[in-house]
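Reading through the structure tokens given below for one structure.
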Amino acid sequence: MTDWRTAGRAIDRRSLARLAGGFLLASAVPAASFADEDESARLNAFFEAVFQRDLARSPIRQSRLGLGHDNDKWDDISDAHRMADAALVRGDLEALRKFDAARLNPQAKLSYRMFELACEDQLRLFDWRWNDYLVTQMGGMHSRVPITLQNNHPIKTRADADAYIARLHGVKPLMEQLVVELRTQESKGVVPPKFIFPLTLDASRNVVTGRPFGDGAKDSPLLADFKAKVEKAGFAPAERDELVDKALAGLSEGVGPGYRALIAHLEATQAVATDDAGAWKLPDGQAYYRAMLQHYTTLPMTAEDLHALGLKEIARLHGEMAAIMHKTGFTGSLQDFFKYVRTDPKFYYPDTAQGRAQYIGDAKALLAEVRARAHEVLDIQPHADVEVRPVEAWREKSAAKAFYSSPPEDDSTPGIFYVNLYDMGAAPKYELAVTLYHEAVPGHHVETVVGQEIPGLPRFRKFASIAAYSEGWGLYAERLTKEMGLYQDPYSDFGRLALSVMRAARLVVDTGMHAMKWTREQAITFMDDNMPSTHYDNQREVDRYVVIPGQAVAYEVGMLKIVSLRERAKAALGSRFDIRAFHDVVVGNGPVPLPILEENVDAWIKAGGGFPPGRPA
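Its first residue numbered 119, the sequence shown is counted upward by one per residue in the working numbering.
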């Protein structure tokens, strides 16, 4: 496969189509001889109706998927709206159970199960809705507004521009609604730790920095975005000037007052916040944390079991890191080696514009290399492209080190591997390759887009968010590229292990803070002692775990499950085992909970492994 976008397209489409035909799913759910295709079609029509209904209730999600129906609106974020959502889900469960599951074809049977599990999970999460912080450095409406406008709101026509301007005016009532919900949450005793507020305040203030919000010639991020888009759209000069004037009014009358109201509220709340970090401090916090672990891992694992697993994995990984240290000729302890790679300038790009450009250039070169070899381990590959971008300046101080943003449904824009270059000391050269493999290829870009491109799969499954599956695959991709020989020097391989040990440490730190009442300082110290990353980097990681209890444990849990299933398949199939066929089973059904993934793999093994019948030569 020489060209990522075109050379393998026909084979890929047929490969996807054969999976949609139900071979793997047929082996996962025994087919009934009396399966009724009309009943299956009715069920799929129900799924699509629910998906469309829910989509209509979220203009932001419509924009995210590249659908422009309500591009002039924002979501209703009131609790009344959330309560109405929950009522709809309860009704969906009642409607689902009126279908005759015994009459469904194998694909529809699995969709039935997936939909039922998703509804039950949503209702469990609804009961804990007030325990989830509404505004953090990891997300919230304060960051969703600029992300939606900049990344998901194209301007190609006058209607697009008018909708963008309408959204600018709509920011004021949106933020006023957010403040109301924050006050309600705070009245229930749910307030983020004090150390989180500077990060959310910084991101919020950056949105309203520059023209027209203050003196100076530099445009604010949203004004710069709007001007660039209308310029690219090719409007006549007079119409372009008119649109910019209207955008300035929207910024001044909508965005400015809205963000100032939010900032004032956050500043007032910060003054009364405490430094308690764990979920245990929240209403019924221990039960809440158990629910979050179940949600993110899709397994019945306890905090104690996860904590012990993390300690065991750290010990194993430290042994592998020590072996690489000896391979480099370094003499000293592993902690000495950590200090060496943490501080020696040769391992870092210059903290300059040129250094940042060099990082992006090297990332693009690595992406091209892994694309060219992806066919060695992947039978099914995405049609949508992926590109490398630095995190936008307005949010780089609070954003994660790296992350992936999937393309819209119409592939009008590519998937994006974002890398945060705010602190070049947190982006060492030896971690570049492993980070790219995790976020782009063969990591998130593959598992996300392949799932979205499967023909005939209900859209609620294509766009499902299952952390243990997705993050488990991302971490598995780091290991897979090791097996492909893509870490070409000991230090890049050490970088792979550096991220692996971080994922293991997450099991210890997340459970430590949220179930065992560790302080933030204890968590940071543990990471400082067991990882080569900088103190600042570890601090940012811990702050992430603080505001999303349970999410961080999904990576290691998911990866270990995929690896164990692969080893099971290799042992059972022997010479018949094909790594690409195994990956078809894993990514070729879209995101699934880990127990269902295990069922699919076991059924594939029972069927004899290999590729499904009808695979093109």
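A virtual CB, placed ideally from N, CA and C, is assigned to each residue, including glycine.
Along the chain, where does the beta strand (DSSP E) that runs through residue i open and close?
i	result
I534	G533 to V537
P508	V504 to P508
S523	A520 to S523
For residue i, is the classification buried or exposed, using 16 other Cβ atoms within 10 angstroms of its Cβ as the cut-off for buried?
i	result
M271	Checking the displayed sequence, the identity of residue 271 turns out to be His instead of Met. By the neighbour-count rule (16 or more Cβ atoms within 10 Å), H271 is buried.
T392	exposed
P525	buried
I723	buried
V147	Residue placement at V147 is poorly supported in this model, since its pLDDT is 39, which falls under 50; the coordinates are not used for a value here.
T420	exposed
L659	Before going on, a small fix: residue 659 reads as Glu here, not Leu. Counting Cβ neighbours within 10 Å, E659 comes out buried, since at least 16 surround it.
N718	buried
G692	exposed
K290	buried
Q570	buried
L241	exposed
P573	exposed
H287	buried
H199	exposed
P310	buried
K216	exposed
H563	buried
L285	One detail in the question is off: residue 285 reads as Arg in this sequence, not Leu. Buried is the call here.
Q669	buried
Since residue i is in the alpha helix (DSSP H), which residue starts that stretch and which ends it?
i	result
R621	P608 to A633
R301	R276 to S305
M259	M259 to N270
T553	L550 to E557
R460	L452 to T461
L340	P339 to A351
M443	A421 to K445
A163	E155 to A174
S682	A672 to L691
M62	This structure gives no information on residue 62, because the portion of the chain shown stretches from 119 to 735.
N249	That residue, N249, is in no alpha helix (DSSP H); it is neither H nor E in DSSP.
I666	Per DSSP, I666 belongs to no alpha helix (DSSP H) and is neither H nor E.
R179	P177 to R182
Q255	Unbroken run through Q255: none, as it is neither H nor E.
E487	A471 to R491
Quick check: residue i and residue j, are their CB atoms within less than 7 Å of each other?
i	j	result
L615	E438	yes
L653	D646	The displayed chain sequence assigns His, not Leu, to residue 653. Contact flag set, yes.
Y407	A633	yes
M677	L598	no
A409	M293	no
S516	A321	yes
P650	R434	no
C237	V263	no
A367	F344	no
V665	M256	yes
A582	P709	yes
Can you give the Cα-Cα distance for residue i and residue j, rounded to whole angstroms?
i	j	result
A202	E166	19 Å
F465	K347	38 Å
T254	K688	43 Å
Y673	A395	21 Å
F612	F456	10 Å
L137	T446	In this predicted model, L137 has a pLDDT of only 41, less than 50, meaning its place in the structure is not dependable; the value taken from the coordinates is given anyway. Distance between the alpha carbons of L137 and T446 is about 45 Å.
D541	G352	37 Å
V390	G533	41 Å
R171	V619	42 Å
D529	H501	9 Å
A551	P711	28 Å
M232	R579	8 Å
G603	S196	51 Å
A454	N538	The sequence given here has Asp at residue 454, not Ala. One C-alpha to the other measures close to 27 Å.
R323	A441	47 Å
A511	I265	12 Å
D156	P576	16 Å
A518	Y536	9 Å
W398	K635	7 Å
L484	R507	14 Å
Return yes when the C-beta of residue i is under 6 Å from any heavy atom of the ligand PLP, and no when it is not.
i	result
H563	The ligand content of the structure shown is nil, which means the ligand PLP is not present either.
Taking 7 Å as the CB-CB cut-off, is residue i touching chain C?
i	result
A433	As a matter of chain content, chain C is missing from the structure shown, which is built from one protein chain.
Inset, instruction - Take every Cβ of the stretch 240-255, pair it with every Cβ of the stretch 298-306, and state whether three or more of those distances are shorter than 8 Å. - result: Yes, the stretch 240-255 touches the stretch 298-306.
Inset, instruction - May I ask you to verify whether the stretch 266-280 touches the stretch 219-233, counting CB pairs closer than 8 Å and requiring at least 3? - result: Contact between the stretch 266-280 and the stretch 219-233 is absent, because fewer than three Cβ pairs lie under 8 Å.
Inset, instruction - Could you say if the stretch 482-497 and the stretch 225-238 meet the contact criterion of at least three C-beta pairs nearer than 8 Å? - result: With a cut-off of 8 Å, the stretch 225-238 and the stretch 482-497 do not count as touching, because too few Cβ pairs lie within range.
Inset, instruction - Inspect the CB distances between the stretch 546-565 and the stretch 584-592 and report whether three or more fall short of 8 Å. - result: In short, these stretches touch, since the Cβ pair count reaches three.
Inset, instruction - Please confirm if the stretch 257-270 is in contact with the stretch 175-193, defined as three or more CB-CB distances below 8 Å between the two stretches. - result: Using a C-beta cut-off of 8 Å, the stretch 257-270 makes contact with the stretch 175-193, since at least three inter-stretch Cβ pairs fall below that distance.
Inset, instruction - Determine contact between the stretch 421-431 and the stretch 621-628, defined as no fewer than three beta-carbon pairs at a distance below 8 Å. - result: With a cut-off of 8 Å, the stretch 621-628 and the stretch 421-431 count as touching, because enough Cβ pairs lie within range.
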